[in-house]
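Numbering (the working numbering), first residue to last: 277 to 572.
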């Protein structure tokens, strides 16, 4: 059980929940919220995130990316705690769980609105494929530096915009601003992970953004992600200003600043604790953003 919990990488779950929370807060501020939709959306997102983590563990072990030189915690398959066959079975189980939870969510949210059902079912299948293909297959997109784009898409635009639509069943292009905030801060978590593993990834042929541009440039990139993420939320508030409470999320900036300083100055092998800090800071950002919306 301990090995499986480690493979699930529970510290990444706050990040997965953040995008659903952001979309839910935006919908609730407009008078649209249903607890059943929210809980099913969170459950589906958790299943997808765990699937992604298991696939990442499996794919990196099979490809040889995970080795003794890796700076982060030992992976389950690479260390032998879980066999490749067991991990494949677990991935199948979480694909099924994601599908069952996701289909239930869509039926609860849309009923028999077939156009919405089919569109979101397609997005769900794409999410499953993306979760697996990041590190699994002949040409994993995570190994060529496309992970950042995928995170912006699924933890930002699809995660926030999609969850907002589940409640409201309307399109509001203004939602893209907080969606970018979520997506960019989520990329920050991936970027810290990739900076931490920059040496081992380079040797193994995994060309993440930090491998391509180097540690210092990747640290500046991280600062830019944080700044633009916060500014996107500020612009949203200024365009929809009601009360100063809407800027409550700015209370997270000291945490983001301290993480930025660490990423800029600390050696890559000392950055692992900042993955959790960045994920929790992102969730706190969303919570304060949402509270600010609701009390204004």
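Idealized CB from N, CA, C, for every residue including glycine.
Candidates the options, of which the one nearest residue i by Cα
i	options	result
residue 405	370, 520 and 533	370
residue 357	282, 565 and 518	282
residue 563	473, 529, 444 and 525	525
residue 397	280, 555 and 320	320
residue 428	454, 326 and 449	454
residue 506	491, 490, 530 and 407	530
residue 442	284, 312 and 279	312
residue 430	367, 289, 403 and 305	403
residue 488	395, 420 and 408	420
residue 289	462, 368 and 451	462
residue 363	387, 438, 330 and 542	330
residue 424	308, 456, 309 and 305	456
residue 411	481, 296, 566 and 550	481
residue 544	511, 476 and 407	476
residue 310	381, 451 and 328	381
residue 355	568, 280, 307 and 504	280
Integer-rounded CB distance, given that residue j should sit under 8 angstroms from residue i
i	j	result
residue 539	residue 523	Between residue 523 and residue 539 the Cβ distance is about 25 angstroms, and since that is not below 8 angstroms, they are no contact.
residue 294	residue 528	That pair is no contact at about 12 angstroms.
residue 353	residue 337	4 angstroms
residue 459	residue 432	2 angstroms
residue 305	residue 570	6 angstroms
residue 438	residue 399	6 angstroms
residue 360	residue 334	7 angstroms
residue 327	residue 426	Not quite, the Cβ-Cβ distance comes to about 14 angstroms (not below 8 angstroms), so this is no contact.
Alpha-carbon to alpha-carbon, residue j and residue i
i	j	result
residue 499	residue 287	22 angstroms
residue 536	residue 446	36 angstroms
residue 377	residue 502	32 angstroms
residue 324	residue 485	24 angstroms
residue 466	residue 413	20 angstroms
residue 298	residue 472	28 angstroms
residue 495	residue 383	43 angstroms
residue 292	residue 554	13 angstroms
residue 278	residue 285	11 angstroms
residue 509	residue 303	16 angstroms
residue 492	residue 468	12 angstroms
residue 301	residue 516	14 angstroms
residue 518	residue 552	33 angstroms
residue 417	residue 392	28 angstroms
residue 520	residue 560	18 angstroms
residue 368	residue 316	20 angstroms
residue 440	residue 546	37 angstroms
residue 415	residue 483	12 angstroms
residue 444	residue 296	14 angstroms
residue 542	residue 479	21 angstroms
residue 566	residue 572	10 angstroms
residue 385	residue 556	29 angstroms
residue 436	residue 533	24 angstroms
residue 374	residue 470	27 angstroms
residue 379	residue 390	12 angstroms
residue 449	residue 511	13 angstroms
residue 474	residue 332	16 angstroms
Min CB distance residue i to chain B below 8 angstroms
i	result
residue 513	You won't find chain B in this structure, because it holds only one protein chain.
The ligand ADP heavy atom lying under 7 angstroms from the CB of residue i
i	result
residue 467	With respect to the ligand ADP, the structure offers nothing, as it holds no ligand at all.
Ignoring anything shorter than 3 residues or poking outside the region 343-396, list the beta strand (DSSP E) runs there in chain order. none
Residue ranges of each beta strand (DSSP E) run of no fewer than 3 residues wholly in the region 440-466, ordered along the chain? none
Considering only residues of the region 487-567, which uninterrupted alpha helix (DSSP H) runs meet the minimum length of 4 residues and lie entirely inside it, listed in chain order? 491-515 and 529-541
Unbroken stretches of the beta strand (DSSP E), 3 residues or longer, contained in the region 290-343: none
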